[in-house]
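Asks:
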Amino acid sequence: MLLETLDLRNNDLLIYSQNLFNFNDSFKIIFKNEKKKRPNRISYFDVCTYVKDPSPKNLIIYRLLTNVNQLDAYSTKYGYFIKINNKAELIYFDPIFAIKDLRHLRFDLDPSRFRFKIQQVGLTSLTKKEDEPNFAEVYCFDLKAVEAQSQNDKIFADAIFAFDENYSDKEIPEPPEHEKEKPVQDSIISSDSKQELIPKGKNISEDVADVKTSFKSPISPDINRIQDLREEIIVILKQALGIPEGSQDTLASFRKTTYVTNENPFQKEKDEAKKAIAEVHNIFDLFKTTNKSDELSARERDSIILKFD
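For the sequence shown, our numbering assigns the number 328 to the last residue and increments by one with no breaks.
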């Protein structure tokens, strides 16, 4: 995932994840107005807080589509509900969370016939101010098998700060023991921890058979229920991770500084991003450049169907 706030003036930030099935180590946060911009660890639960905050933002997340009719989104364990174009939708912060969630989503289908897609989706906040954030879809495309397995959204941060001499991708050192907040006791849910990241070429492959199949999103709850349902899922996850009820998921003491704003883009190769960066003011501006726009249009037309080996 990538989350970038838009013009908050005093606290603009960027969050990215690395496709690890880990609730402590996958997510990093960068405050854009720091003199020395470096990533710091942020928990999954703090990320949820930023996502549901109604302040304007851009998001890059992942969507699961399957060939199962009436797939129950209520049974999600690792998904998150947001509002896209006024409709509740189940999304994932990383492809690995979608893959791990498949064992929890309730459906009845012969595994040999089960097919799915994982899409990367770009979202931006709609301008209307509401308590619950509402997003418009900017783009989406199907991930190839190797992308679903090895996608690391750190590349977005590296591109965004490619020309910033004050940026380093080395994580901020841990604070002294007496300043540390109590960490999540167990950052990986043991029942699903056999693989933190699915190795390339293992378990998932692309279905090359030319079969016409309908792919649908899991059926989401009524939009008025998503706030309560999100809280229920968070409570269950915290119980599975051994986090005491009522514990605070606040950012660590490194957040004592005052922060403001900066700029951004996207990258497939770092050199390409540097060429475009002078004209880019937010993550989706880069897609408007001719080469990126053509590349994205081609990807949006591709249908990539995945299966378990």
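Idealized CB from N, CA, C, for every residue including glycine.
Is D65 near F40, with beta carbons less than 9 Å apart?
Replies: Along the sequence shown, one-based indexing puts residue 65 at 46. Along the sequence shown, one-based indexing puts residue 40 at 21. No, the pair does not count as a contact, with Cβ atoms beyond the cut-off.
Asks: With a CB to CB cut of under 8 Å and the five nearest residues on each side skipped, what residues in its chain are close to L248?
Replies: Translated into the one-based positions of the sequence shown, residue 248 becomes position 229. Only Y93, F100, P240 meet the Cβ criterion.
Asks: Throw me the rounded Cβ distance for the K56 and F182 pair, which I believe falls under 8 Å.
Replies: Along the sequence shown, one-based indexing puts residue 56 at 37. Along the sequence shown, one-based indexing puts residue 182 at 163. Contact doesn't hold; Cβ gap of about 12 Å is too wide.
Asks: From N43 to P152, what distance separates their C-alpha atoms?
Replies: Taking the first residue of the sequence shown as position 1, residue 43 is located at position 24. Taking the first residue of the sequence shown as position 1, residue 152 is located at position 133. If I take the Cα positions, the gap works out to 25 Å.
Asks: Are there 16 or more other CB atoms within 10 angstroms of the CB of D321, so buried, or fewer, so exposed?
Replies: Position 302 of the sequence shown holds residue 321. Result: exposed.
Asks: Output the distance between the C-alpha atoms of A117 and D26, rounded to the nearest integer angstrom.
Replies: One-based indexing of the sequence shown puts residue 117 at position 98. One-based indexing of the sequence shown puts residue 26 at position 7. Rounded to whole angstroms, A117 to D26 spans 31 Å at the Cα level.
Asks: By the three-class DSSP mapping on this structure, what secondary structure does D91 have?
Replies: Stepping through the sequence shown from its first residue, residue 91 is reached at position 72. In the structure shown, D91 sits in a strand (DSSP, three-state: E or B).
Asks: Give the list of continuous alpha helix (DSSP H) stretches no shorter than 4 residues that lie fully inside the region 164 to 193.
Replies: Listed in chain order, the complete alpha helix (DSSP H) runs (minimum 4 residues) inside the region 164 to 193 are 164 to 169, 173 to 179.
Asks: Y158 by DSSP, collapsed to three states: which one?
Replies: Reading the sequence shown from its first residue, position 139 is the one you call residue 158. Reduced to three states, the DSSP call for Y158 is strand.
Asks: Would you kindly check if the distance between the Cβ of F234 and the Cβ of I324 is under 9 Å?
Replies: Along the sequence shown, read from residue 1 onward, the residue named residue 324 stands at position 305. Along the sequence shown, read from residue 1 onward, the residue named residue 234 stands at position 215. Result yes, Cβ atoms of I324 and F234 sit closer than 9 Å.
Asks: So, with DSSP's three-state summary, where would you put Y63?
Replies: Here residue 63 corresponds to residue number 44 of the sequence shown, with the count starting at 1. Helix at Y63.
Asks: For the ligand GDP, is there a heavy atom less than 8 Å away from the beta-carbon of Y81?
Replies: Summarising the ligand content, the structure contains no ligands, and the ligand GDP is consequently not present.
Asks: State the CB to CB distance for the pair I253 and C67, rounded to an integer number of angstroms; the pair is presumed to be in contact (CB under 8 Å).
Replies: Residue numbering aside, residue 253 sits at position 234 when the sequence shown is read from its first letter. Residue numbering aside, residue 67 sits at position 48 when the sequence shown is read from its first letter. Confirmed, Cβ separation roughly 7 Å.
Asks: Compare the Cα-Cα distances from Q170 to each of I137, R132, L90, Q246 and report the closest residue.
Replies: By 1-based counting over the sequence shown, the position of residue 170 is 151. It is I137 whose Cα lies nearest to the Cα of Q170.
Asks: On a CA-only basis, which of P114, P58, E166 is nearest I80? Give me that one, please.
Replies: In the sequence shown, residue 80 corresponds to position 61, counting from 1. Closest option to I80, Cα to Cα, is P114.
Asks: Taking only three categories from DSSP, how would you classify S45?
Replies: Residue numbering aside, residue 45 sits at position 26 when the sequence shown is read from its first letter. It is coil, neither helix nor strand.
Asks: Give me the Cβ distance between Q168 and I223, rounded to the nearest whole Å; I'm assuming they're in contact under 8 Å.
Replies: Here residue 168 refers to the residue found at position 149 of the sequence shown. Here residue 223 refers to the residue found at position 204 of the sequence shown. The pair is a contact, with the Cβ atoms about 6 Å apart (cut-off 8 Å).
Asks: Counting only the same chain and skipping the five closest in sequence on each side, list residues whose C-beta sits under 6 Å from that of Q37.
Replies: The sequence position of residue 37 within the sequence shown is 18, counting from 1. So the list reads S45, N171, K173, once near-sequence residues are dropped.
Asks: Can you grab the Cα-Cα spacing for the pair E319 / G141, in whole Å?
Replies: By one-based count along the sequence shown, residue 319 stands at place 300. By one-based count along the sequence shown, residue 141 stands at place 122. Computed Cα separation, rounded: 12 Å.
Asks: One question on the structure: do I49 and A176 come within less than 9 Å of each other, judged by their Cβ atoms?
Replies: By 1-based counting over the sequence shown, the position of residue 49 is 30. By 1-based counting over the sequence shown, the position of residue 176 is 157. The answer is yes: Cβ separation under 9 Å.
Asks: Rank N104, K257, L32 by C-alpha distance to the C-alpha of T146 and give the top, closest one.
Replies: In the sequence shown, the residue the question calls residue 146 occupies position 127. Per the Cα distances, N104.
Asks: By DSSP's criteria, A107 is part of a beta bridge. Which residues make up the other side?
Replies: Position 88 of the sequence shown, counted from the first residue, corresponds to residue 107. In the DSSP output, where bridge partners are listed per residue, A107 has K102.
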